[in-house]
Amino acid sequence: MKSNIIDDTLEGQVAAVRGFSRFYTRKLGIIEPKLLDSPFTLQEARIIYEIAHHDGCTATDLVRELDLDAGFVSRTLQALQRRQIVTRKPSKTDKRVNEVTLTAKGRTAAADLDRRSRDDVAALLKQMDGSRRAAVVRAMSTIKQSLEPVAQKPTGFLLRSHRPGDIGWVISRHGAAYAQEYGWDISFEALVAEICAQFLKSYDPAHEHCWIAEVDGEPVGSIFLVKGTDEVAKLRLLLVDEKARGLGVGRALVEQCIRFAREKNYTQITLWTQSILVAARDIYQRAGFRRVKEEKHHSFGVDLVGETWEMEL
Numbered sequence: 054m055k056s057n058i059i060d061d062t063l064e065g066q067v068a069a070v071r072g073f074s075r076f077y078t079r080k081l082g083i084i085e086p087k088l089l090d091s092p093f094t095l096q097e098a099r100i101i102y103e104i105a106h107h108d109g110c111t112a113t114d115l116v117r118e119l120d121l122d123a124g125f126v127s128r129t130l131q132a133l134q135r136r137q138i139v140t141r142k143p144s145k146t147d148k149r150v151n152e153v154t155l156t157a158k159g160r161t162a163a164a165d166l167d168r169r170s171r172d173d174v175a176a177l178l179k180q181m182d183g184s185r186r187a188a189v190v191r192a193m194s195t196i197k198q199s200l201e202p203v204a205q206k207p208t209g210f211l212l213r214s215h216r217p218g219d220i221g222w223v224i225s226r227h228g229a230a231y232a233q234e235y236g237w238d239i240s241f242e243a244l245v246a247e248i249c250a251q252f253l254k255s256y257d258p259a260h261e262h263c264w265i266a267e268v269d270g271e272p273v274g275s276i277f278l279v280k281g282t283d284e285v286a287k288l289r290l291l292l293v294d295e296k297a298r299g300l301g302v303g304r305a306l307v308e309q310c311i312r313f314a315r316e317k318n319y320t321q322i323t324l325w326t327q328s329i330l331v332a333a334r335d336i337y338q339r340a341g342f343r344r345v346k347e348e349k350h351h352s353f354g355v356d357l358v359g360e361t362w363e364m365e366l
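To convert, count from 1 in the sequence shown and add 53; that's the working numbering.
Okay, here's the thing in structure tokens:
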């Protein structure tokens, strides 16, 4: 009997939320063919807003931020480009990626949409006295915070040695992260798998090590130091998961490698990276590595500039 009461209560709450959603979208004119009596649909206006408020915006950013279908975003951007609202140009940091910016006409349209939205909401709020307006705003804040709690950025992390299952995570996260962020194909994941397999097969704990960074028991980063020769160690597979960036995880992983290499009497650490991996290169440079070689190559389905960095111990 108790279960039925709970189900009936939930059913009523579902109906109330759906009813409020219909009321709110109608009140703001969101369901009209054109938003705010403008030349743009709701989704076009959302895309224009995001571009206006984000420097270096890409189509991938729009898909992620607005939770829209990639094909729909691509078609909408093409339509807005034909209307001279947006333009696309290669990114300064990665020439394979196009950044989307507003044209002068697009900036005017964004400002007009913003003005229309402010005016419409102001007109709604002016119908109420001050105390009721405050109550409405508080209620909206409660809804937002309840449905989408603010994610708390972790404040600390732990570095530990690898254990069973970690190497599989390293392979999986490298493959997924580099495909998503840089468009690298599955051959990169295959290379990571080969490096990891070789590490496990010939693991020499007296001269080699893998460290995993974790937050609340969840892996968020990795790095390997492997033996090249008796004097030279290789730093490999530095990775920091997106959710842990900004915590100093990458710097801590590299510093751990350097300390270990010195303890094991290596005289040099070498590594191979790519010019587009700006954050990693900055960590290496700050740690004392210097770039000694660069070479253009085509790997992982893209054109790259490979770099060799070294550090004397």
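A virtual CB, placed ideally from N, CA and C, is assigned to each residue, including glycine.
Can you list, in chain order, the residues of its chain with a C-beta nearer than 7 Å to that of residue i? Leave out the 5 residues immediately preceding and following it.
i	result
residue 246	224
residue 118	103
Using only the alpha-carbon positions, how far apart do residue i and residue j sit?
i	j	result
residue 121	residue 79	22 Å
residue 272	residue 153	34 Å
residue 252	residue 286	13 Å
residue 308	residue 217	24 Å
residue 231	residue 173	43 Å
residue 139	residue 169	20 Å
residue 100	residue 113	12 Å
residue 311	residue 338	13 Å
residue 184	residue 96	33 Å
residue 129	residue 316	57 Å
residue 106	residue 115	11 Å
residue 314	residue 283	11 Å
residue 270	residue 277	20 Å
residue 171	residue 164	11 Å
residue 193	residue 77	11 Å
residue 281	residue 159	55 Å
Considering only their Cβ atoms, is the gap separating residue j from residue i smaller than 8 Å?
i	j	result
residue 370	residue 302	Coverage of the chain is limited to positions 54 through 366, which leaves residue 370 absent and any answer about it impossible.
residue 18	residue 166	Here the chain covers residues 54 to 366 and nothing more, so residue 18 does not appear.
residue 212	residue 266	yes
residue 240	residue 353	yes
residue 137	residue 161	no
residue 186	residue 178	yes
residue 366	residue 320	yes
residue 290	residue 351	no
residue 357	residue 329	yes
Going by beta carbon distance, what residues of the same chain come within less than 6 Å of residue i, once the five residues before and after it are set aside?
i	result
residue 348	359
residue 345	361 and 363
Output needed for residue i: all residues of its chain with C-beta closer than 8 Å, excluding positions within five of it in sequence on either side, in chain order.
i	result
residue 209	268 and 300
residue 297	207, 210, 266, 268, 273 and 274
residue 292	223, 226, 227, 230, 274, 275 and 276
residue 343	362, 363 and 364
Which partner residues of residue i appear in the DSSP bridge assignment?
i	result
residue 351	356
residue 292	275
residue 263	277
residue 141	153
residue 346	361
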